[in-house]
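Participant: Count along the sequence shown from 1, add 261, and you get the number used in our numbering. Beta carbons: idealized from backbone N, C-alpha and C, even for Gly. Could you have a look at this structure, given as structure tokens, before my questions?
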Amino acid sequence: MDKFIIKGGRRLEGEVTISGAKNAAVAILPAVILSDEPCIVENVPSISDVNISLRILSEMGAEVTNIGKDAYRIDPTKINKCCVPYETARKMRASYYFLGALLGKFNKARVSMPGGCPLGDRPIDQHLKAFSALGAEYTLSQGMIDLKAEKLRGSQIFFDVVTVGATMNAMLAAVKAEGLTIIENAAKEPHIVDLANFLNSMGANIMGAGTDVIKVRGVEHLHGTTYAVIPDQIEAGTFMIAAAATKGDVLIKNIIPKHLESITKKLEKIGVNIEQYDDSMRVWVDGPLVKANVKTTPHPGFPTDMQPQIATLLTLASGTSIVTEGVWEQRFRYVDELRRMGADITVNGKVALIEGTGKLMGAPVKACDLRAGAALIIAGLAASGITEIEDIFHIERGYDCMEGKLRQLGADIEKVNVPDKPKENDSDNKTAV
Ligand code: EPZ
Numbered sequence: 262m263d264k265f266i267i268k269g270g271r272r273l274e275g276e277v278t279i280s281g282a283k284n285a286a287v288a289i290l291p292a293v294i295l296s297d298e299p300c301i302v303e304n305v306p307s308i309s310d311v312n313i314s315l316r317i318l319s320e321m322g323a324e325v326t327n328i329g330k331d332a333y334r335i336d337p338t339k340i341n342k343c344c345v346p347y348e349t350a351r352k353m354r355a356s357y358y359f360l361g362a363l364l365g366k367f368n369k370a371r372v373s374m375p376g377g378c379p380l381g382d383r384p385i386d387q388h389l390k391a392f393s394a395l396g397a398e399y400t401l402s403q404g405m406i407d408l409k410a411e412k413l414r415g416s417q418i419f420f421d422v423v424t425v426g427a428t429m430n431a432m433l434a435a436v437k438a439e440g441l442t443i444i445e446n447a448a449k450e451p452h453i454v455d456l457a458n459f460l461n462s463m464g465a466n467i468m469g470a471g472t473d474v475i476k477v478r479g480v481e482h483l484h485g486t487t488y489a490v491i492p493d494q495i496e497a498g499t500f501m502i503a504a505a506a507t508k509g510d511v512l513i514k515n516i517i518p519k520h521l522e523s524i525t526k527k528l529e530k531i532g533v534n535i536e537q538y539d540d541s542m543r544v545w546v547d548g549p550l551v552k553a554n555v556k557t558t559p560h561p562g563f564p565t566d567m568q569p570q571i572a573t574l575l576t577l578a579s580g581t582s583i584v585t586e587g588v589w590e591q592r593f594r595y596v597d598e599l600r601r602m603g604a605d606i607t608v609n610g611k612v613a614l615i616e617g618t619g620k621l622m623g624a625p626v627k628a629c630d631l632r633a634g635a636a637l638i639i640a641g642l643a644a645s646g647i648t649e650i651e652d653i654f655h656i657e658r659g660y661d662c663m664e665g666k667l668r669q670l671g672a673d674i675e676k677v678n679v680p681d682k683p684k685e686n687d688s689d690n691k692t693a694v
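Written out as structure tokens, the structure is:
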């Protein structure tokens with residue numbers, strides 16, 4: 262088992278370069294299946310969720326070649342299987358994108374239900390609703406989802422909730438369906454737009470991505486393309502908060518400032534200085550941090566994937582802050598760990614009351630999911646003394662060389678390997694977020 266050991270109290274200073282977006286890459290890689298020619302995907306982050314997506318593609322028969330730093334050539338023309346088995350699907354939530362991509366290309370798909378997850382109930386009813394609207398039939402049996410369609414036909418899909426995954430899956434399945442598909446109440450996250458741009462670069466006809474109505478006019482063939490994944494909005498936001506929590510001064514490079522607007526505005530309210538440039542921003546703190554209220558909502562609101570990180574920052578600010586989670590039922594599981602570090606947080610349902618104490622103390626803690634892990638790293642960097650973080654496989658799912666990037670900024674963080682504890686770290690629990 263790997264863990265991080267952080268000696269806290271060092272100011273982060275210098276420059277950091279943000280990697281490609283996890284939540285875009287895990288949809289774009291399966292989307293390559295839809296192409297009739299090889300594709301080159303660049304700015305692919307080096308994280309375990311991407312490694313799993315690439316492995317699934319290879320196991321299906323696609324030829325996957327690493328052609329340089331963060332770039333892959335993927336030839337989907339030799340795919341001879343439409344199945345993603347339990348062993349791989351359970352490791353990554355985003356394996357559900359293989360449903361939409363395989364259905365869109367071959368009119369059939371067989372994918373294991375994605376593994377259990379620590380954010381509360383994560384149904385896929387809206388994904389299935391979209392596939393049905395396009396003419397597919399589904400069966401759920403023995404933990405597998407089977408989809409098949411005689412022919413996919415454009416249709417009107419109205420989502421009952423705003424969902425990133427189902428919006429992406431609807432686009433993947435509709436892109437080659439006959440006629441026009443209208444997706445209403447669509448999610449608007451930057452990775453939705455990125456997937457649409459990627460598909461359009463292969464010859465798809467998708468309009469309106471980034472608004473709540475997306476129109477997809479089906480095309481017969483999709484051709485090869487070379488495409489670079491957008492920078493990771495959440496990784497950038499995490500480094501912004503790490504800089505702020507250590508009262509540091511960091512230039513964050515390779516970002517799209519527009520994607521970070523809700524985070525930037527909230528941090529400025531808390532007392533963080535931010536100067537934006539075309540594709541970078543400087544983040545520094547030279548005064549007191551003050552309380553703020555935060556409510557997470559789908560894009561363009563404050564992202565749920567930044568909630569644990571900003572809550573951690575608010576423990577270091579003066580005054581009482583209220584953080585309300587508006588997307589996931591169980592996104593406060595990290596709070597117990599922060600309390601071990603001296604945080605004063607009370608959770609009542611979807612609301613957390615944070616009494617800013619201005620300080621945290623190092624302690625042994627455990628990451629319970631990806632962003633919870635990021636929050637514990639921030640806490641450890643700001644705390645006095647030593648913080649040891651276990652279960653960092655969660656963090657490595659979504660952050661490209663987090664400890665290396667932090668070390669470059671002056672953090673005292675190292676990854677050490679300790680022998681596994683018997684049974685407790687059962688790999689069946691390593692399900693994705
Ligand atoms: C994506 O998850 C992200 N994962 C999550 O990132 C992120 O937290 C989430 O979007 C919200 O932004 C990936 O992109 C791989 P949803 P997803 O479908 O698509 C309900 C991270 O830390 N819902 O937008 O699974 C659902 O229960 C992670 O990087 C249904 O009711 O999320 C939730 O309350 C974790 N039925 C809400 O919608 C459905 O069929 C939003 O979920 C689907 C979703």
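For the alpha helix (DSSP H) holding residue 339, just list the boundary residues, first then last.
Facilitator: Unbroken run through residue 339: none, as it is neither H nor E.
Participant: Going by other Cβ atoms of all chains shown within 10 Å of its Cβ, with 16 needed for buried, is residue 440 buried or exposed?
Facilitator: With fewer than 16 Cβ atoms within 10 Å of its Cβ, residue 440 is classed as exposed.
Participant: Rounded to whole angstroms, what is the Cα-Cα separation between residue 545 and residue 655?
Facilitator: 28 Å
Participant: Using the Cβ count rule (16 or more neighbours within 10 Å means buried), how would you classify residue 422?
Facilitator: Flag for residue 422 reads exposed.
Participant: Roughly how many whole angstroms lie between the Cα atoms of residue 425 and residue 450?
Facilitator: 7 Å
Participant: Hey, would you say residue 595 sits closer than 8 Å to residue 643, going by beta carbons?
Facilitator: no
Participant: So, using beta-carbon positions, are residue 487 and residue 301 closer together than 8 Å?
Facilitator: yes
Participant: Could you name the residues that DSSP lists as bridge partners for residue 537?
Facilitator: 542, per the DSSP bridge assignment.
Participant: Spatial neighbours of residue 484 within its chain, please: CB distance less than 7 Å, with the 5 preceding and 5 following residues excluded, ordered by chain position.
Facilitator: 296, 297, 298, 463, 464
Participant: Starting from residue 466, follow its DSSP beta bridges and name the residues at the other end.
Facilitator: 478
Participant: Looking only at DSSP bridge pairs, what is residue 647 linked to?
Facilitator: 268
Participant: Starting from residue 417, trace the beta strand (DSSP E) in both directions and tell me its first and last residue.
Facilitator: 417-419
Participant: Bridge partners for residue 414 per DSSP, in chain order?
Facilitator: 439
Participant: With a threshold of 7 Å on Cβ separation, who are the neighbours of residue 696 within its own chain once the five nearest residues in sequence on each side are excluded?
Facilitator: A query on residue 696 cannot be resolved here, the shown segment of the chain reaching from 262 to 694 and no further.
Participant: Any contact between the region 325-333 and the region 346-363? By contact I mean 3 or more CB pairs, one from each, below 8 Å.
Facilitator: no
Participant: Quick check: is any heavy atom of the ligand EPZ less than 7 Å from the C-beta of residue 305?
Facilitator: no
Participant: Can you give the Cα-Cα distance for residue 706 and residue 532, rounded to whole angstroms?
Facilitator: Summary: the structure shown does not reach residue 706, with the chain confined to residues 262 through 694, and so no result is reported for it.
Participant: Return the residue from the list 582, 581, 624 that minimises the CA-CA distance to residue 600.
Facilitator: 624
Participant: Of the residues 566, 591, 578, 573, which one's Cα is nearest the Cα of residue 282?
Facilitator: 566
Participant: Nearest to residue 651 by CA position, among 662, 663, 678, is which residue?
Facilitator: 678
Participant: Quick check on residue 358: buried or exposed, where buried means 16 or more other Cβ atoms within 10 Å of its Cβ?
Facilitator: buried
Participant: Please find out if some non-hydrogen atom of the ligand EPZ comes closer than 7 Å to the beta-carbon of residue 387.
Facilitator: Yes - the ligand EPZ has a heavy atom lying nearer than 7 Å to the Cβ of residue 387.
Participant: In angstroms with no decimal places, state the Cα-to-Cα distance between residue 633 and residue 412.
Facilitator: 43 Å
Participant: Measuring alpha carbon to alpha carbon, tell me which of 420, 448, 274, 665 ends up nearest residue 386.
Facilitator: 420
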